[in-house]
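Trainee:
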Amino acid sequence: MWPTWMLPLIVLSNESLPNINNQRRISDGNSELQNVEFSIEEVLMLNRRFVDYLAGIGDQESSVSQCLNTLRQLAQGYLDRQRLGLEWFDSWGKVPSGLYYQNGYAFGNVDQCRAIAQVRMQHCTFIAAFPGDMALFFTGLCVPHSCPPDYVAQIYGEYLSTQSMTLIPLVSQETLCIRDEEIRYDGAMITAM
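If you're matching positions, the sequence shown starts at 1386 in the working numbering and goes up one per residue.
Structure below.
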């Protein structure tokens, strides 16, 4: 079956085109073609399926219950086409062009994420590995500030494993999350100011 974008080319050329549907070009200087283990269509659906995954997460320990409730509400808001849910999803990193040419950077919009007024948010970057030899995938997600960064990494890693991907473990996920921290001053600091 031809991809839909190729149909006009086939009609105009009135000839048959070579089957390139399951192959990709490696960007190491060779023009060698290899089989693809993960298609662009699967990558395009990663974020959308993650929303479904979040909407279906059951109750867990009480220390993350506020986080899970907020994530489920945002996911349901997206599914119901509510503005808050759409803005939340829109701030996530999307699949970049040139993925088969080792461009795996899809950070999203940090400012848009943190500007959501109804929920205090943080923007976290994750690094995932596709099956095979594709480039690492750097993606950004907008998550509630009430979610501990390591917990978000845990649930995102669990989700990615259902999609045949692996979350690259980091020493501390917190270093890749941009969040507002309260500044607390002691008496000496206040006196000094």
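For every residue, glycine included, the Cβ atom is placed at its ideal position computed from N, Cα and C. All values derive from a computational prediction rather than experimental measurement.
Can you find the residues in the same chain that come closer than 7 Å, C-beta to C-beta, to residue 1544, ignoring five residues on each side of it along the sequence?
Mentor: 1435 and 1438
Trainee: For residue 1495, tell me which candidate among 1511, 1488, 1487 and 1477 has the shortest Cα-Cα distance.
Mentor: 1477
Trainee: Under 8 Å: do the segment 1451-1466 and the segment 1519-1536 share three or more Cβ pairs, one atom per stretch?
Mentor: Enough Cβ pairs lie closer than 8 Å, so yes.
Trainee: Using the three-state DSSP reduction, which class does residue 1528 fall into: helix, strand or coil?
Mentor: strand
Trainee: Quick one: using the 10 Å Cβ neighbour count with 16 as the cut-off for buried, is residue 1426 buried or exposed?
Mentor: Exposed, since its Cβ has fewer than 16 Cβ neighbours within 10 Å.
Trainee: Here's a check: name, in chain order, each residue in its chain whose Cβ is nearer than 7 Å to the Cβ of residue 1507, leaving out the five neighbours to either side.
Mentor: Once the five neighbours on either side are set aside, the close Cβ partners of residue 1507 are 1528, 1530, 1562, 1563 and 1564.
Trainee: Return the Cβ separation of residue 1489 and residue 1526 in integer angstroms, given the expectation that the two are a contact with Cβ distance under 8 Å.
Mentor: Contact between residue 1489 and residue 1526 does not hold, since the beta-carbon distance rounds to 15 Å and is not under 8 Å.
Trainee: Span of the beta strand (DSSP E) holding residue 1510?
Mentor: 1506-1514
Trainee: Give the DSSP-derived three-state secondary structure of residue 1442 in the structure shown.
Mentor: coil
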